[in-house]
Each structure stands twice: as structure tokens, then as C-alpha cells.
Amino acid sequence: MKVKTRVKTFSKGKGKLGDKKRSAHLIVRKKFCRLCVDKVKSVDYKDGKRLEAFITERGKIVSRRYSGNCAKHQRIIAEAITKARFVSLLPYTR
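The opening position of the sequence shown corresponds to residue 1281 in my numbering, with each subsequent residue numbered one higher.
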């Protein structure tokens, strides 16, 4: 009587061990609000260069999570961008 033996192979994409993502220990810098650092009280809709930093290539407003803004300044920036778009100082899309 023959006994069958199985050989286990561990590859990256298969099995329980390969499915888990391996977390790399990276040092992540804390994001900060640029407007709080500069002590800006208000953002003017006519200041196109400052507002362009908070718009993606497609013309979307960058979220707080990516830009690092505080909630107060994010609301002010979003309002200023919409006003600047309405007056045609900033494009809706690029």
C-alpha cells in the first residue's frame, strides 16, 4: 500500500499567510494646517495662488485628510474656492 505525501508550498498570494498585508513600520509626519501656522484670519477668494494648492488636477477640492487643514479653515477654503469658480478666477475642471 502506497502512502501519498503532500508537499506544502508557501507562496506570496495564496493561503492564509500570503493574504495578510505586511505592515511596514514607517514614520508618518503629523499633518498641520498651513493657515493656522501662518495665522491667517480669512481667505480671500481673489487669492488664486493660495487656493490652487487645495485643488487637484481635475479641479476637485482636496479633503482635510489629505491637505491637513483644520475644520474651520477647510470650510473657509471650500467657500472661497466655490466663489472663485463662480467669478471665473478658478476653473471647474482643468
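All C-beta atoms in this analysis are idealised placements derived from N, C-alpha and C, irrespective of residue type, glycine included.
Just the Cα atoms here: how many angstroms apart are residue i and residue j?
| i | j | result |
| --- | --- | --- |
| I1341 | I1335 | 5 angstroms |
| K1311 | A1351 | 13 angstroms |
| A1364 | R1345 | 23 angstroms |
| G1348 | K1284 | 60 angstroms |
When burial is assigned at 16 or more other CB atoms within 10 Å of the CB, is residue i buried or exposed?
| i | result |
| --- | --- |
| I1357 | buried |
| I1307 | exposed |
| H1353 | buried |
| A1333 | exposed |
Identify the continuous alpha helix (DSSP H) that holds residue i and give its terminal residues.
| i | result |
| --- | --- |
| H1353 | A1351 to F1366 |
| Y1346 | R1344 to S1347 |
| V1317 | R1314 to V1317 |
| E1332 | G1328 to E1332 |
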